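K.L.:
Can you keep this structure in mind? I'll have questions shortly.
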Amino acid sequence: MLSDRTIDLHAHTTASDGSLSPEDLIALAAHIGLTAIGITDHDTIDGLPEAHAAARAAGIEMVPGVELSVAYSRGRLHMLGYLIEIGSPSLDERLARLKENRRKRNQQMILRMQDLGLPITMEEVTDAAGGGQVGRPHMAAVLVKKGAASSISDAFERFLAEGRPAHVPKDKIQPSEAIQLIHNAGGLAVVAHPDSLGLDEAGLVQYLAELKALGLDGIECYYSRYDARQTSTLLRIAAALDLLVTGGSDFHGDTKPGILLGHVQDGQPVQHELLDRLKDAASRRRAQAPASAV
Ligand code: AMP
Ligand code: ZN
Ligand code: FE
Ligand code: FE
877 MLSDRTIDLH
887 AHTTASDGSL
897 SPEDLIALAA
907 HIGLTAIGIT
917 DHDTIDGLPE
927 AHAAARAAGI
937 EMVPGVELSV
947 AYSRGRLHML
957 GYLIEIGSPS
967 LDERLARLKE
977 NRRKRNQQMI
987 LRMQDLGLPI
997 TMEEVTDAAG
1007 GGQVGRPHMA
1017 AVLVKKGAAS
1027 SISDAFERFL
1037 AEGRPAHVPK
1047 DKIQPSEAIQ
1057 LIHNAGGLAV
1067 VAHPDSLGLD
1077 EAGLVQYLAE
1087 LKALGLDGIE
1097 CYYSRYDARQ
1107 TSTLLRIAAA
1117 LDLLVTGGSD
1127 FHGDTKPGIL
1137 LGHVQDGQPV
1147 QHELLDRLKD
1157 AASRRRAQAP
1167 ASAV
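According to my numbering, the sequence shown holds residues 877 to 1170 in order.
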């Protein structure tokens, strides 16, 4: 059983690569007793209207979010946007453009695989995505199913990873643009799972300070794969740089087994107070800086 006032600010639905629909995710969150859940699908906010309606019906708070994949050469930079308005024109337009670019890239990658003689079609890949956003993991799943690769990682290593024959680069948002888009949508920009940046503590402090100069609001200090030491390091960095603290599981359902909704590092609860602070900061930001055009 979760302790009182536990929240989870990081979860995915079928709108991106999670296995639960927005409605089912909200139902699960209410069932396990969360007081609030952040929906943070990759590069899409398509799940938010359904989640919003379901959350109202279930009497649980839904924090509208998004997780943007951002250009970064040394590792992986995922930027969470929290408390964003649904229907912000600049965010909607940019997400639509990303989606169109992804659609073209998927087609090009499948053509390359077909040229390599691999048994794969767009239809199979779309089916593997189960109605969500299509990407390389679904291509890998088809290659494994057809016996053209022995495992998902084998499919990546031989065909799909950067520099491999079927790879086509993806359109990526720059860090400053990601922060601007989130701010223009009335939200707060937070670096997800900062360990993915592949930096040691000094490197992390330096890079996060650069992002803060671009407007970064917070970092994710509680996360399902962290141990207590990583969390305390990140809390220290957040305090030193005056950044907000967030936390969540990165629940994906069956897509990433082993991650439990509402659970972060060693089963520690994420407290509702963090959300109160986010909301205060979002109202302050909106009062200070009316949205500007990108
Ligand atoms: P895409 O957005 O289509 O480029 O796919 C990115 C996703 O592919 C990432 O979120 C990872 O889940 C997955 N991925 C990337 N590299 C690998 C790899 N070497 N092995 C397995 N999965 C990978
Ligand atoms: Zn994901
Ligand atoms: Fe992520
Ligand atoms: Fe995530």
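For every residue, glycine included, the Cβ atom is placed at its ideal position computed from N, Cα and C. None of these values were measured; they are calculated from a predicted model.
Under the criterion of a Cβ to heavy atom distance below 7 angstroms, does residue 949 qualify as lining ligand 2?
P.N.:
No, the beta carbon of residue 949 sits no closer than 7 angstroms to any heavy atom of ligand 2.
K.L.:
Using DSSP bridges, identify the partner residues of residue 1127.
P.N.:
887
K.L.:
Rounding to the nearest angstrom, what Cα-Cα distance links residue 960 and residue 1049 in this structure?
P.N.:
17 angstroms
K.L.:
I want to know whether the region 987–996 touches the region 1036–1055 - three or more CB-CB distances under 8 angstroms.
P.N.:
yes
K.L.:
Mind checking if residue 1078 is an interface residue toward chain B, Cβ cutoff 8 angstroms exclusive?
P.N.:
Considering every chain present, this structure includes no chain B. It has just one protein chain.
K.L.:
Closest to residue 886 by C-alpha separation, out of 1149, 1163, 1135, 1159, would be which residue?
P.N.:
1135
K.L.:
Which residue's Cα is closest to the Cα of residue 983: 935, 931, 1000?
P.N.:
1000
K.L.:
Does ligand 5 have even one heavy atom less than 7 angstroms from the beta-carbon of residue 1014?
P.N.:
The ligand content of the structure shown is limited to ligand 1, ligand 2, ligand 3 and ligand 4, which means ligand 5 is not among them.
K.L.:
Taking the straight line between their C-alpha atoms, what separation do you get for residue 896 and residue 904?
P.N.:
Using only the alpha carbons, I get a separation of about 9 angstroms.
K.L.:
In whole angstroms, what is the alpha-carbon distance linking residue 933 and residue 906?
P.N.:
10 angstroms
K.L.:
In three-state terms, what does DSSP make of residue 897?
P.N.:
Correct three-state label for residue 897: coil.
K.L.:
Round the Cβ separation of residue 831 and residue 1121 to the nearest angstrom and send it over; I've been treating them as touching at under 8 angstroms.
P.N.:
Nothing about residue 831 can be reported from this structure: the residues present for the chain run from 877 to 1170 only.
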